[in-house]
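Asker: Mapping to full-length UniProt numbering: the sequence shown position 20 is 20, numbers consecutive. We put the CB at the ideal spot given by N, CA and C, even for glycine.
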Amino acid sequence: MNNLIPEHLAAYAHSDNLQIEGGHRCFSLSCQGRDTFHIRYYGEPFDGLITDTDKAPVKIVAVEAVSGDEIVLFDGAEHGYNAMFCDKYSQNQKQNRTLTDLDEYTYRVPIHLYYNIDYEDEYEDFVNSEGQVP
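Here it is as structure tokens:
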């Protein structure tokens, strides 16, 4: 199952509810057998979404309601196409992002992933002669 979902989320994925349909993957999270989380974020709320600020990229964290264990759902400085191939962030930008509570509620967190970029097509544009992304 681990090759079907992002490495940083693999330990928290419910293996019994992974759904695969073409380039779409869907699963829910659990931590120590519990599946309700508070949501914390760094970013700007905009039209029902959380987006980057002028200073640093978005970061979204699920906090398990009982233990307080944190799962980074998405970190714009580390995850996704832009972080891999386009944008570079300083240590200061990565470390100085104070998280804000979304609200006081707990949530079950379904994760939906869509793989829609043809990396085979763009491989040569980003990889050096040693086959690494600089």
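Do you know whose CA, among Asn-92, Ile-71 and His-112, lies nearest Tyr-12's CA?
Answerer: The residue with the shortest Cα to Cα distance from Tyr-12 is Ile-71.
Asker: Taking 8 Å as the cut-off, does the region 95 to 113 touch the region 41 to 49 (at least 3 CB pairs, one atom from each stretch)?
Answerer: The region 41 to 49 vs the region 95 to 113: in contact.
Asker: Given a threshold of 16 other Cβ atoms within 10 Å of its Cβ, counted over all protein chains shown, does Lys-59 qualify as buried or as exposed?
Answerer: With 16 or more other Cβ atoms within 10 Å, it is buried.
Asker: Look at the Cβ atom of Phe-85, then the Cβ atom of Glu-64, and state whether they are nearer than 8 Å.
Answerer: Result no, Cβ atoms of Phe-85 and Glu-64 do not sit closer than 8 Å.
Asker: Based on Cα-Cα distance, which residue from Val-127, Ser-90 and Ile-20 lies nearest to Pro-57?
Answerer: Minimum Cα distance to Pro-57 is reached at Ser-90.
Asker: Do Leu-29 and Ala-77 have their beta-carbon atoms positioned less than 8 Å apart in this structure?
Answerer: For Ala-77 and Leu-29, no; Cβs fall outside 8 Å.
Asker: Select from Gln-19, Glu-124, Pro-110 and Leu-4 the residue whose C-alpha is nearest the C-alpha of Asp-35.
Answerer: Out of Gln-19, Glu-124, Pro-110 and Leu-4, Pro-110 has the C-alpha closest to the C-alpha of Asp-35.
Asker: So who's on the other strand from Asp-16, going by DSSP bridges?
Answerer: Paired residues: none, contrary to the question.
Asker: Would you list the residues sitting across from Leu-73 in a DSSP beta bridge?
Answerer: Answer is none; Leu-73 lacks a bridge partner.
Asker: Spell out the partners DSSP gives Lys-59 in its beta bridges.
Answerer: For Lys-59, which the question treats as bridged, DSSP gives the partners Tyr-42 and Asp-75.
Asker: Between Glu-7 and Tyr-105, what straight-line distance do the alpha-carbon atoms span, to the nearest angstrom?
Answerer: C-alpha separation (whole angstroms): 27 Å.
Asker: Return the bridge partner residues of Ile-50 from the DSSP annotation.
Answerer: Paired residues: Pro-45.
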